[in-house]
Amino acid sequence: MTETAPIRVLLADDQTLVRAAFAMLVDSAPDMEVVGQAGTGHEAVELARSTRADLVVMDIRMPDLDGIEATRLLAADEDLAGVKVLTLTTFDTDHHIIEALRAGASGFLVKDTKPAELLEAIRTVAAGDALLSPGPTARLIAQVLRAPDAAPRSAPVAGLTMLTARERQVLTLVARGLNNKEIADALGVSPLTTKTQVSRIMGKLGARDRAQLVIVAYESGLITPGAD
């Protein structure tokens, strides 16, 4: 039997002690390894290219080039199309998280996340199941869009007219934070069917992942901020 290659993780944080703690944690997991550590956004981008990391754990606030711009550069580089970004923030109410998700991050975690949750988050994002902590993310997006100075952003909302009634229903459930199994249970279909529907919705809307689907659902008015 061929062994699965470990997840190659790059850590980007301007605090040396934080990086060291995360490195010890990640290296303790048998299915992942740390391939580099960066103290600035520019270093993160350069190391992502040289190490061919699978995933970057990216602090939003860094000197030289912040995590948002670094994420945007990674997302724009076709050679790094397979690199996932998991952003870190001190507070889950940080409005910069929205910009990070728009820039191409697959989700976020707060820095005081439990060790086991961080490892599971890395596994989830590396596997392509984007959008960590969907409940907090959805609430944060709703909060930002509810703000008086919130301005419309360029999002692939025009594609909503191409969605079927069922696809709009699935998108609504994605935006409410449900995973594929939960959506399948709610609609009485198989998880595989739900996965196919979510992929089709992403294609129609031009969204990279579930994080962008949540943003689209709120910005298009499909989900009303603050609604249950």
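The sequence shown maps to residues 350 to 577 in this note's numbering.
Backbone N, C-alpha and C fix where the C-beta goes; we use that ideal spot for every residue, glycine too.
- Rounded to whole angstroms, the gap between the alpha carbons of Leu435 and Ala449 is 9 Å.
- Cβ contact annotation for Ala454 (same chain, cutoff 6 Å, sequence separation greater than five): Thr420, Val434, Thr436, in chain order.
- The beta carbons of Leu396 and Leu366 sit no closer together than 7 Å.
- Here Arg401 carries a coil assignment [DSSP, helix/strand/coil].
- Rounded to whole angstroms, the Cβ separation of Pro355 and Met373 is 16 Å, and the two are not in contact under 8 Å.
- Of the residues Arg517, Val459, Ile447, Ala361, the one whose Cα lies closest to the Cα of Leu571 is Arg517.
- For Ile356, the three-state secondary structure derived from DSSP is strand.
- For Thr513, there is no enclosing alpha helix (DSSP H), as DSSP gives it neither H nor E.
- Secondary structure note for Gly552: its alpha helix (DSSP H) is the uninterrupted segment 540 to 554.
- When rounded, the separation of the alpha-carbon atoms in Ala425 and Thr462 is 29 Å.
- Taking the Cα of Ala430 as reference, the smallest distance to any Cα among Met407, Ala402, Leu562, Leu520 is reached at Ala402.
- For Met411, the closest of Leu467, Thr439, Glu531 by C-alpha to C-alpha distance is Thr439.
- The Cβ-Cβ distance between Leu414 and Gly390 falls below 7 Å.
- The beta carbon of Lys544 is closer than 6 Å to those of Asn529 in its chain, skipping five residues each way along the sequence.
- Within the DSSP bridge table, the entry for Met381 names Ile356 as partners.
- For the pair Pro540 and Leu522, the Cα-to-Cα distance works out to about 13 Å.
- Check the Cα spacing between Val405 and each of Ala470, Pro464, Ser377: the tightest is with Ala470.
- Nearest neighbour of Arg357 by Cα position, chosen from Arg451, Ile447, Asp363, Ala476, turns out to be Ala476.
- Residue environment for Gly416: buried (at least 16 other C-beta atoms within 10 angstroms of its C-beta).
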